Amino acid sequence: MSDMEKRDEHVFRLTRRKALKGLALGIGTMVLPAKDASASVWESFFQKNFRELGKSERRVILERLEKEYSARYKKPVRVKDTGPIEGVLYGYGLDLSRCIGCRRCVYGCVTENNQSRDPQIHWIKVLRLAKERGVDLEHSEQYYNPATVPEEGHFYMPVQCHQCENPPCTKVCPVQATWKEIDGIVVVDYNWCIGCRYCMAACPYGARHFNWKKPGLPAGEMNPETHYLGNRPRPVGVVEKCTFCMQRTREPDGMYPACLEVCPVGARKFGNLLDPTSEIRNVIENKRVFILKEDLNTQPKFYYFYSV
Amino acid sequence: MQKVWAFVRGCFLLLRKGSRLYYTWLSALLVLIAIGVFAYVNQLYSGLIVTAMRDQVSWGFYISNFTFTVGVAAAAVLLVIPAYVYQWKPIKEIAILGELVAVSAIVMCLLFVTVDLGRPDRFWHLIPKIGILNFPKSLLAWDVVVLNTYLVLNFAIASYMLYSYYYQREPNMKYVFPILLFSIPAAISIHTVTAFLFNGLAARPFWNASILAPRFLASAFCSGPAGMILMFQVVRKWTNFDIKDKAIFKIAELIAYAMFINLFLLGAELFKEYYSDTVHLAPVKYLYQGLDGHSALVSYIWTATIFNLTAFFLFLIPQTRENYVTLNIGCVLIFIGVYIEKGMGLVIPGFVPDVLGDFYEYAPTGTEMLVTLGIWATGLLVFTLLLRIAVPIMNGDFHVSDDGVNPHIGDQLFLVRRRDVVPEEDLDSP
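In order, the protein sequence lines correspond to chains A and B. Per this note's numbering: the first sequence = residues 1 to 308. Per this note's numbering: the second sequence = residues 1001 to 1430.
And the structure:
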């Protein structure tokens, strides 16, 4: 068993003992696992919120995580903490007249971002809608399963985190485990989240997902290029979400998000909203654009449009 | 300080004394608690996957119970106001019991939130300074603050009063009264904040109605006191504590008013949803009629509605209100009715259909029910132990002895048939 698994187990054994021996003995039992646990259990237990950490403290944590993940997934794993790029505000465009509902984006995202395979966690949901009804979420279908797509009379609407400018999810978090970075990406500190799921109740786009059990991520399928706030393996009992693939998009050579790269029809557009020459700006300025649930004042940076 | 210590020691001595029935009752509760702990340990090992909650319905039975028990706690104010503000004697004698109900209910609230956490080992992240409490932005942070404040207030008031009676002197109302007055808005605030917790989410139209907080309060002032009326009868039947009929009937009358407001507000909300017939109607339709073949909650809510309506008329008519058979039926109906309405009938339809129109029909699993049972048993255990101390103090069976140090314990048995069955003299011999 790797360090990480051991750590998770120790955390729970501690809680279990606490439960068994009662709250009165709680403090006493805190000491118990110390004799059989590695130091990293305690380092991780007492770790501060990511935003409160200094540069050197972050370095120590990233190294600890890299060591743990590398041992657990039996390959060298990198954990970055690349910050936002100055002068960049990310925006995403989705062309509803092109999307064929193939859901390659869904699985491209899973592969890139190390989501749990068992149970399956999908950061992107593709809704099948009837053309005659238009964008009517109440009559949408997520579990369609035809032999071929697209189907007659239907169009498809992928929904993922809209990286709201005014995110209702970060406001409600009781411990500030989730926040919006200056490049507009809403992130979660998986080591600080207490798993209350208030953010999930607050999100109007169903973009937040909870690890109801320990994520099933086979070592062979694990993507070793990770970001602390993005696609690194998540522990049980915390909330996770789309980060516009920050481990790719925040790099100086600026890769596209995985969902965009994998889209066979070019329905997805991505870029810097502050750059007047960017593709996303072109979409916003020249296409018929709408945002989802505009009345809620969340001000998404995820724009749906019709190119034809 | 020494006197406080002597009092605490006396209380522990007292807790150990009791009749066979007292011990049987405690053991039964402990068994239920053990079952709950066992279920919870299993949940800790496996993750919240053992509950029926999923991404679509991310809060379930635990938060439903939390919402209901906050209401029960807030209801203590319905005794505090007539007792201390209006100095109405029959209720003043029992107001302390209301405060003890509040203490036990808050303990349950805190437990319900704790078992709902994905990472209970990180609860310390909520403690200001050590962790980060996102106050004042997060309503959950507000809830942490007001619930704990209310717990401390009620515990402080009740224990100070009992401490004073134990040393056979009148509590100094100069100190108590301001705290008592403060406990009134605190009671209102715990339920208001809990309502706002749901209310503030624009993503969930079912909760996003400004009428929600008043509805919460109105229903709390039905369910809490209904539970108390039942509990008062048990207390006066099985212990030596005297509770007047007049007090019970007055509380029943207050429930009638509260239930009227509750039903009126519910009607106002249903009118708005159905007559305007917007997209917001979906959760209400799902709750009351079923929607697109999904109807898991329909039988729940109609049971609750019928119970509440029946109870309202039972409490409205003085003849049925002052007849113990119909009164008790009414209390049971209200308690169950509001339990459903504020629990499954409020939390779940907020999530169904979900924000993208998906239907996930939630029904609690065995684990959720066992953990919940364990928490209710814990609440009852806390309440029983508090009563074990309060009842003998209030009727003069437990006080400091003549030497001024050791406790005098007159009531050795606690749970027994009341005076007219067992003569008082017998109670002094163990």
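For each residue, glycine too, the CB sits at the ideal point set by N, CA and C. Quick caveat: nothing in here was measured; it's all calculated off a predicted structure.
| Check | Outcome |
| --- | --- |
| Tell me the DSSP secondary structure of GLU240/A in three-state form. | strand |
| Could you please tell me which residues of the stretch 1055–1067 of chain B, in chain order, have their CB closer than 8 angstroms to any CB of chain A? | ASP1055, GLN1056, SER1058, TRP1059 |
| Given a cut-off of 8 angstroms, decide if CYS245/A and PRO158/A are closer than it, judged by their beta-carbon atoms. | no |
| Where LEU1032/B and MET1369/B are concerned, what is the direct C-alpha to C-alpha distance, given to the nearest angstrom? | 11 angstroms |
| How is the alpha helix (DSSP H) around TYR1062/B delimited, first residue to last? | 1061–1074 |
| Going by DSSP, name the residue or residues bridged to TYR303/A. | GLY93/A |
| DSSP state of ILE280/A, grouped into three classes? | helix |
| So if DSSP puts PHE1312/B in a beta bridge, which residue, or which two residues, is it bridged to? | In the DSSP output, where bridge partners are listed per residue, PHE1312/B has none listed. |
| Identify each residue in the stretch 1133–1145 of chain B for which the Cβ-Cβ distance to at least one residue of chain A is less than 8 angstroms, and report them in chain order. | LEU1133, ASN1134, LYS1137, SER1138, LEU1139, LEU1140, ALA1141, VAL1144 |
| For MET1344/B, which residues from the same chain have a beta carbon less than 7 angstroms from its beta carbon, with the 5 sequence-adjacent residues on both sides left out? | SER1064, LEU1297, TYR1300 |
| If you measure from the beta carbon of SER138/A to each beta carbon in chain B, is any gap under 8 angstroms? | First, the amino acid is wrong: residue 138/A is Glu here, not Ser. Judged by the 8 angstroms Cβ criterion, GLU138/A is in contact with chain B. |
| Indicate whether CYS259/A and ARG248/A have their beta-carbon atoms separated by less than 8 angstroms. | no |
| Any contact between the stretch 1093–1110 of chain B and the stretch 1378–1396 of chain B? By contact I mean 3 or more CB pairs, one from each, below 8 angstroms. | yes |
| Rounding to the nearest angstrom, what Cα-Cα distance links ILE1306/B and LYS1092/B in this structure? | 33 angstroms |
| Excluding five sequence neighbours on each side, which residues of the same chain lie with their C-beta closer than 6 angstroms to the C-beta of VAL1077/B? | ILE1184, ALA1187 |
| Alpha carbons only, please: which of ALA1247/B, PRO1205/B, TRP1238/B is nearest the one belonging to ASP295/A? | PRO1205/B |
| Going by DSSP in three states, PRO1225/B sits in which element: helix, strand or coil? | helix |
| Between ASP1242/B and chain A, is the shortest Cβ-Cβ distance under 8 angstroms, so that the two count as touching? | no |
| When you compare the stretch 1197–1215 of chain B with the stretch 1032–1051 of chain B, are there three or more beta-carbon pairs, one atom per stretch, that lie closer than 8 angstroms? | no |
| From THR1067/B to ILE1348/B, what does the alpha carbon distance come to, in whole angstroms? | 12 angstroms |
| State the CB to CB distance for the pair GLY237/A and GLY1118/B, rounded to an integer number of angstroms; the pair is presumed to be in contact (CB under 8 angstroms). | 3 angstroms |
| Can you tell me the Cα-Cα spacing of CYS164/A and GLY184/A, whole angstroms? | 8 angstroms |
| When the Cα atoms are used, what is the spatial distance from MET1394/B to LEU1162/B? | 8 angstroms |
| Residues of chain A with CB closer than 8 angstroms to the CB of LEU1117/B, please, in chain order. | ILE194, GLY195, CYS196, GLY237 |
| Please determine whether the Cβ atom of LYS1092/B lies at a distance below 7 angstroms from any heavy atom of the ligand ADP. | In the structure shown, the ligand ADP is absent, as is every other ligand, since no ligand is present at all. |
| What distance in whole Å lies between the Cβ atoms of VAL1107/B and GLY1410/B, which are believed to be in contact at a cut-off of 8 angstroms? | Between VAL1107/B and GLY1410/B the Cβ distance is about 28 angstroms, and since that is not below 8 angstroms, they are no contact. |
| Do you know how far the Cα of LEU1151/B is from the Cα of GLY26/A? | Residue confidence is low: GLY26/A scores 41 on pLDDT, short of 50, so the model does not pin down where it sits. Its coordinate-derived value is still stated next. Rounded to whole angstroms, GLY26/A to LEU1151/B spans 21 angstroms at the Cα level. |
| Which same chain residues end up closer than 6 angstroms to HIS162/A when comparing Cβ atoms and leaving out the 5 residues on each side of it in sequence? | TYR205, PRO300, PHE302 |
| Would you say VAL1279/B reaches chain A, if we count a Cβ-Cβ gap shorter than 8 angstroms as a contact? | yes |
| Quick check on PHE1398/B: does DSSP put it in helix, strand or coil? | strand |
| Nearest to LYS1137/B by CA position, among THR178/A, ARG281/A, PHE270/A, SER140/A, is which residue? | THR178/A |
| Assuming contact is defined by CB atoms lying nearer than 8 angstroms, are ILE1309/B and LEU1026/B in contact in what I supplied? | In the sequence as displayed, the identity of residue 1309/B is Leu instead of Ile. No, Cβ-Cβ distance for LEU1309/B and LEU1026/B is not below 8 angstroms. |
| Taking TRP179/A as part of the beta strand (DSSP E), name the residues at either end of that continuous run. | 178–180 |
| Report yes if the C-beta distance between ILE1229/B and ILE1261/B is below 8 angstroms; otherwise report no. | no |
| Can you name the start and end residues of the beta strand (DSSP E) that ILE1409/B belongs to? | 1407–1409 |
| Whose C-alpha, out of LEU1030/B, LEU1373/B, ASN1323/B, ALA1311/B, is nearest the C-alpha of TYR1257/B? | ALA1311/B |
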